[in-house]
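Student: Sharing a structure with you now.
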Amino acid sequence: MVIRPFRLNLSSEKRKLHLRILVLLLLATAAYAFSWMQGHGVIAVPAPVVRVTDFFVFVFFTILAITVLLRFTLARLEGFLQTQLPIEQKILLSKFYELLLYTLGVAVILWRLGVGFSNLTLFVGLITTGIAFAIRDVIMGFFAWLLILTKKPLQIGDGVRIGDDEGEVISIGTFFFTLRTSTGSRAYVKIPNTFILSKSLLNSGKGKLLRTIRMPLKRLPKDIQARIKRLDQAIGKLVGSDKDVLVRLDLDNGWFLKVTYPIPISDEDLRNAVLLTVNREMGALMK
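Its first residue numbered 1, the sequence shown is counted upward by one per residue in my numbering.
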């Protein structure tokens, strides 16, 4: 059986939480018992001691409640993040989640001490701002995921090219989407959702990719337009439709032939057939 490193880390955290809960439970019980004896006259202590004891009872039970909450929510957090983030980011995010809960606990304790609401708001705001800055990439990934779901720049089954990667979209996660690359059905690449905000995206539609051939020409014969028309029709027959086939001349420090055509993802035989067709029609003109 293979045990994932994140699971091992999470199990270790659970053991620590169990120990923390036991210690806090003992301290809270002892403080509450002492407070109860004070209230029922079993022991007589000065009033300041009574107030301090009541405060510690509140502190221990507040931290205990947060620790118990962590114990029962870390497993859900594991399930949510298991396939979404690298191990390092999963551990980091779980630590920030723990920090956030304990920060809220400290805010409650400060409120119990009499700290004003405005000061508490400032305290919590500073902490949450720091956490948000530290995990800004995770937050941006989440918002990019919402953008993908609502605006649909890509959907499962689409053939896309983003940056240097291309393939068929097979899953869209909270922080990554996965492509089955055009090099084979067993090759996959995970792309951060934030890439749709920073890189150009070419979506060729369901189950296909747009391919481009760009070849330099050494001369332009008089019948070049007729050759281009024949090539356009020939490639259209190969791919099943000439609607998305584009054959044109491109001038960039010399003449180039540029052919754009759609093919099913991973169909290398069809791609080779298109290359042979181009070479047969234009081979004598190429440098």
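Note that the Cβ used here is the ideal one computed from N, Cα and C, for glycine as well.
Here's the rule I'm using: 16 or more other beta-carbon atoms within 10 Å means buried, otherwise exposed. How should Leu149 be labelled?
Tutor: By the 10 Å Cβ count, Leu149 comes out exposed.
Student: Put Ser171 into one of helix, strand or coil per three-state DSSP.
Tutor: The answer is strand: DSSP assigns Ser171 an E or B state.
Student: Could you tell me if Ile3 is buried or exposed, where buried requires 16 or more neighbouring beta carbons within 10 angstroms of its beta carbon?
Tutor: The predicted position of Ile3 is uncertain, since its pLDDT is 39 and thus under 50; a value taken from the coordinates is nonetheless stated next. That one is exposed.
Student: Taking Arg230 as part of the alpha helix (DSSP H), name the residues at either end of that continuous run.
Tutor: First-last of the alpha helix (DSSP H) with Arg230: Ile224 to Val239.
Student: Just to confirm, are Lys208 and Gly163 a CB contact at a threshold of 8 Å?
Tutor: It is not a contact, given that the beta carbons lie outside the stated cut-off.
Student: Select from Thr62, Thr53, Leu64 and Tyr97 the residue whose C-alpha is nearest the C-alpha of Thr73.
Tutor: Answer by Cα proximity: Tyr97.
Student: Identify which residue in Arg227, Ile170, Leu270 and Ala187 has its Cα closest to the Cα of Leu210.
Tutor: Nearest option by C-alpha distance: Leu270.
Student: Which two residues bound the contiguous beta strand (DSSP E) that contains Val115?
Tutor: Looking at the DSSP string, Val115 is not in any beta strand (DSSP E), and its letter there is neither H nor E.
Student: Give me the Cβ distance between Leu275 and Ile224, rounded to the nearest whole Å; I'm assuming they're in contact under 8 Å.
Tutor: At roughly 19 Å, the Cβ-Cβ gap does not stay under 8 Å, so Leu275 and Ile224 are not in contact.
Student: For Ser94, count the other beta carbons within 10 Å of its own beta carbon; 16 or more makes it buried, fewer makes it exposed. Which is it?
Tutor: Label assigned to Ser94: buried.
Student: Given a cut-off of 8 Å, decide if Pro262 and Asp244 are closer than it, judged by their beta-carbon atoms.
Tutor: Yes, the pair counts as a contact, with Cβ atoms nearer than the cut-off.
Student: Please return the same chain residues whose Cβ sits closer than 8 Å to the Cβ of Met1, not counting the five positions on each side in sequence.
Tutor: In this predicted model, Met1 has a pLDDT of only 37, less than 50, meaning its place in the structure is not dependable enough to derive any value.
Student: Does Thr194 come out as helix, strand or coil in the three-state DSSP assignment?
Tutor: DSSP places Thr194 in coil when its eight states are reduced to three.
Student: If you follow the alpha helix (DSSP H) that Gly159 is part of, which residue opens it and which one closes it?
Tutor: No alpha helix (DSSP H) holds Gly159; the beta strand (DSSP E) holding it covers Asp158 to Ile162.
Student: Excluding the 5 residues flanking Phe60 on each side, which residues of the same chain have their C-beta closer than 7 Å to its C-beta?
Tutor: Closer than 7 Å at Cβ, skipping near neighbours: Leu24, Leu27, Ala28 and Ala31.
Student: Are Thr277 and Ala234 close, meaning C-beta to C-beta below 8 Å?
Tutor: For Thr277 and Ala234, yes; Cβs fall inside 8 Å.
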